[in-house]
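Enquirer:
Residue numbers (this note's numbering): 1 to 249.
As structure tokens, this is what we get:
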């Protein structure tokens, strides 16, 4: 991995048909399209408190607590078996967002994509956030190979450094992600790409993250997730205008 931070690449999102879209204007999680639907909700719910557009968004509530206390908020989504998934949404960063550094694990889940059952992973990858020591977060990648968790890595070229900063507090950021399973067990062509506000902040296109025989595909995901760092104060994120596709948007 390069020690020099590269200039981020700015891209225009491709256009095309979208398999699933939810602006949460139904006021609930009843939206289903093309065999894509919501699963379990953990401290997540549709709310009219803060929204990007319209009257509703999806709320993620993390209960505040003292140092050493974790927090949890998550929304699961299921879809048909696929080797590639594109995701995009608007994410509201709380005004009081502070990623604290603990003596134990301090990473917080951000976006996970995997083959169900999550507890017994075949294909399984996720992006997590780690503290940047100024209250913000760096982006990290986690992935499994043949059911075994691999070492955590950071996006090449330091693209994921300062992924969330104080400048994002109280604002909506635009997220787009692409995940592609490798073509075979020995292939190093697995893909994890992520954009923030149309700027590429993770560009890994040569990953060996084979899911295993009859396991090398994805059919479930979750937004946000477990916070190992926890938060001193109640901390609430919001997601709006969620889209999923099996190819570029």
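Note that CB positions come from ideal geometry on N, CA and C, so glycine has one too.
Throw me the rounded Cβ distance for the residue 83 and residue 217 pair, which I believe falls under 8 Å.
Expert: 6 Å
Enquirer: For the structure I just gave you, are there three or more beta carbon pairs, one from the segment 195-205 and one from the segment 59-78, closer than 8 Å?
Expert: no
Enquirer: Specify whether the segment 175-184 and the segment 88-101 touch according to this definition: at least 3 beta carbon pairs, one from each stretch, less than 8 Å apart.
Expert: yes
Enquirer: Could you check if residue 100 is buried or exposed, using at least 16 other CB atoms within 10 Å of its CB as the buried criterion?
Expert: exposed
Enquirer: May I ask you to report which of helix, strand or coil DSSP gives residue 167?
Expert: helix
Enquirer: Compare the C-alpha of residue 211 against each of 28, 68 and 125 and name the closest.
Expert: 125
Enquirer: Given that a residue counts as buried once 16 or more other Cβ atoms are within 10 Å of its Cβ, and exposed if not, what is residue 62?
Expert: Within 10 angstroms of the beta-carbon of residue 62 lie 16 or more other beta-carbons, which makes it buried.
Enquirer: With DSSP run on the structure shown, which of helix, strand or coil describes residue 157?
Expert: Residue 157 carries a helical assignment under DSSP once its states are collapsed to helix, strand and coil.
Enquirer: Here's a check: name, in chain order, each residue in its chain whose Cβ is nearer than 7 Å to the Cβ of residue 162, leaving out the five neighbours to either side.
Expert: 132, 136 and 138
Enquirer: Could you check the C-alpha separation between residue 234 and residue 31 for me, to the nearest Å?
Expert: Taking the straight line joining both Cα atoms gives about 28 Å.
Enquirer: Helix, strand or coil for residue 182 per DSSP?
Expert: The answer is coil: DSSP assigns residue 182 none of H, G, I, E or B.
Enquirer: Please state whether DSSP places residue 95 in a helix, a strand or coil.
Expert: Here residue 95 sits in coil by DSSP.
Enquirer: Which residues does DSSP list as the beta-bridge partners of residue 177?
Expert: 87 and 194
Enquirer: Measuring straight from C-alpha to C-alpha, what distance separates residue 281 and residue 107?
Expert: Beyond the ends of the chain as shown, which are 1 and 249, falls residue 281; an answer cannot be given.
Enquirer: Rank 159, 98, 142 and 232 by C-alpha distance to the C-alpha of residue 134 and give the top, closest one.
Expert: 98
Enquirer: Where does residue 234 sit, in a helix, a strand or coil, going by DSSP?
Expert: Note: residue 234 maps to coil in three-state DSSP.
Enquirer: Rounding to the nearest angstrom, what Cα-Cα distance links residue 80 and residue 112 in this structure?
Expert: Taking the CA atoms as reference points, residue 80 sits about 16 Å from residue 112.
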